[in-house]
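Here's the structure we're looking at; comments come further down.
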Amino acid sequence: MAKNVKKDLLCTQIGESLADQLERTCACVAGVAGNEQKSCLACVIQIHQAARSNSDVSEGSSSSSTNSEQTVAGPYSCIDTHFPYTTGHPGLVDSEVSPPARPIQYTARGRKRRAKLTVPIFDDPESLQIVEQLARQYGHVSHMGILDRSYIFFLNKARTAALAYKIQNQVAIVSGQPLCPREMFTEVLDEFNRFRKSFGWSVVFMGADDDFAGYACRRRWTTMKFGVERVINPTDNDLLMERTGKRLITQNRQLLSQNKGGTTLGIYIPSRQEDPALEKDLQDLYDTWRTQRNETNTTLQPFITVYNLFDFANLMIFIYSRSPDGAINGLAALRWMGAKQGYHLDPCIAAPGAPKGISDLLAFSAMSLLKQLNVSYLSLGYEPLQTLGEVNGIALPFERIARAVYNHSVQHLPVGGKKAYHDKFRPDPDLESGLYMVFPFGVPGPRQVVAIAHMANIRIRKLAAIQRKSVMQSH
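Okay, here's the thing in structure tokens:
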């Protein structure tokens with residue numbers, strides 16, 4: 001009887017359907033399983049974990065069939081793929097390579113060239129593959145920037161560590177912490193410091209975790225807790241077990257019902273297959289969604305990352321939805337995080353005009369798939385605090401100023417809405433961790449404050465205009 005109840009759970013139906021589509025149609029052979037057939041999803045997990053044993057599984061992959069699309073409604077075939085880099089990838093600064101005679105300026109797609117930036121950038125597939133392997137092994141939620149082409153990668157001379165950063169107001173803002181073991185932090189940062197000083201940059205770390213914040217405190221750097229990482233445990237989640245969230249469960253069932261919503265779900269795993277047409281459709285959906293959001297939002301949206309979804313495709317799993325007419329109307333991207341042996345869910349979006357609840361269905365489907373895979377860590381990403389949290393490394397008067405500036409800045413930002421959205425998926429409080437700004441040189445000056453504001457997508461003039469409007473309306 002208990003077994004029948006479990007089979008009736010929506011998460012079981014979705015998880016098994018997505019998994020079965022791949023397991024019935026994919027022959028995962030050389031590279032992971034030799035000549036023996038293995039579960040495709042089990043192979044995917046081994047591929048994402050491969051850096052733990054210093055093996056690059058994707059190089060040994062062999063082809064099977066031709067169509068990469070997997071849906072809940074019926075089986076399709078898939079093919080293995082080679083390493084996907086071609087051109088137009090994130091910028092890379094390799095400290096082992098001499099700068100070219102004319103430094104190349106990386107220009108993100110759709111953005112203006114930055115006239116003053118003369119950092120040498122290299123489009124080197126071998127080095128980018130090293131970055132991917134480091135992300136596969138040491139990636140955190142804050143390394144979402146690897147999919148944002150406005151970031152630049154620094155690779156140390158030994159090619160055993162990397163960090164992602166962008167330049168704002170002559171400040172190198174590092175995304176999270178270095179991609180390397182913690183015992184290498186000092187060595188890698190010393191090397192990066194020599195590099196950045198040649199350009200006259202200061203440095204700030206944005207989105208560092210508890211571990212790096214502890215390292216910073218031991219070095220007497222200034223740390224400020226500005227947010228938390230909310231995390232779901234799909235293997236033990238009240239929503240998946242339908243102990244709560246009945247309205248969301250009912251909505252999902254209606255969307256998937258052939259007689260009502262008619263929505264179908266697909267899964268795409270680039271490390272096991274390659275479908276350029278599908279990739280274009282998914283990227284176009286994301287770009288359209290982002291454009292409309294920017295045009296219609298009247299409030300500032302903090303901590304926005306602009307993704308090129310397939311730059312590091314071997315780290316990714318994609319779940320998408322189709323309307324009854326076959327059009328893709330939603331997308332959920334899962335990025336492997338080696339440091340946590342889990343995934344980061346972002347973006348999780350519905351196309352403009354999609355039925356209500358599509359993004360919730362996709363998030364639920366991602367949770368269901370990871371439950372099927374027995375993956376116990378699914379990060380929902382940044383959740384900014386409404387008031388500045390723990391502060392270390394500065395005198396009390398400066399701390400009070402920092403708190404006042406932060407609290408005043410987030411007053412008109414929709415941080416409460418993000419918390420409410422995350423809460424509906426029942427994150428595990430035991431897996432929650434802090435997110436920090438780290439300033440190696442003590443009290444942040446105006447240059448650092450402005451740079452961080454830009455990094456967090458907080459436009460100071462627009463924020464001031466919103467505040468003036470709020471004051472006028474209150475009178």
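Under full-length UniProt numbering, residue 475 is the last one in the sequence shown; the count climbs by one each step, no gaps.
Positions of the beta carbon are idealized from the N, C-alpha and C atoms, including for glycine.
Leaving out five residues on either side along the sequence, give the residues of the same chain with a beta carbon under 7 Å from the beta carbon of residue i.
i	result
E16	Q372
A51	Model confidence at A51 stands at a pLDDT of 43, short of 50, so the residue's coordinates are unreliable and nothing is read from them.
K246	none
T235	K371, N374 and S376
R230	L380, E383, H422, P427 and E432
W221	G393, V438, F439 and P440
N407	T387 and L388
Would you report the Cα separation of residue i and residue j, rounded to the nearest angstrom?
i	j	result
N205	K419	Residue identity differs from the one stated: residue 205 is Phe in this sequence, not Asn. For F205 and K419, the distance between alpha carbons rounds to 23 Å.
R218	L378	30 Å
L255	R322	11 Å
Y215	N392	12 Å
P125	P276	19 Å
S202	D209	21 Å
P181	T250	45 Å
Q292	D284	12 Å
P429	I232	9 Å
R194	E183	19 Å
R243	R426	11 Å
R196	A213	21 Å
D8	P324	24 Å
T288	K280	12 Å
D311	R290	18 Å
L18	L334	14 Å
D238	A313	31 Å
A332	F185	33 Å
D211	E390	14 Å
L396	G416	28 Å
K116	I358	With a pLDDT of 41 at K116, under the threshold of 50, the modelled position of this residue cannot be trusted; read the value that follows with caution. Taking the straight line joining both Cα atoms gives about 43 Å.
I'd like the list of long-range same chain contacts for residue i, defined as Cβ closer than 6 Å, with 5 residues on each side in sequence excluded.
i	result
I14	S365 and S368
G227	Y382, E383, P384, L385 and L435
V443	I394 and F398
T305	M144 and D148
G74	Residue placement at G74 is flagged as unreliable, the pLDDT there being 31, under the threshold of 50; the coordinate-derived value follows with that caveat. Around G74: no qualifying Cβ.
Going by CA-CA distance only, name the one from the options that's closest to residue i.
i	options	result
C348	G338, L282 and I401	L282
K356	Y436, F154 and G261	G261
G422	W201, A363, N308 and V141	What sits at residue 422 in the sequence shown is His, not Gly. For H422, the nearest C-alpha among the options comes from A363.
L435	A19, G207, D20 and T264	G207
Q273	L315, V443 and I146	L315
I394	G445, D124, D284 and R230	G445
V438	F153, A162, T12 and P178	P178
I317	R293, I328 and H344	H344
P440	R403, I401, V410 and M224	M224
F192	W336, N169, S433 and A158	A158
W336	Q21, E23, N294 and P270	P270
E23	S142, I267, I358 and F310	I267
S142	S409, Q411, G353 and K340	K340
L278	D20, I328, L413 and T296	I328
Measure how close the beta-carbons of residue i and residue j come, nearest whole angstrom, since I'm counting them as under 8 Å.
i	j	result
I452	I173	7 Å
G326	A351	Actually they do not touch by this definition, with Cβ atoms about 13 Å apart.
Y165	S150	The Cβ separation is near 10 Å, so there is no contact.
Just to confirm before moving on: does the CB-CB distance between residue i and residue j stay below 8 Å?
i	j	result
I319	L265	yes
L128	N308	no
L240	C11	yes
G139	Q170	no
S248	K424	With the sequence shown as reference, residue 248 is identified as Leu, and Ser is not the correct amino acid for it. Yes. Within cutoff.
Enumerate in chain order the residues of its own chain whose CB-to-CB distance from residue i is below 8 Å, with the five nearest sequence positions on each side excluded.
i	result
V405	V449
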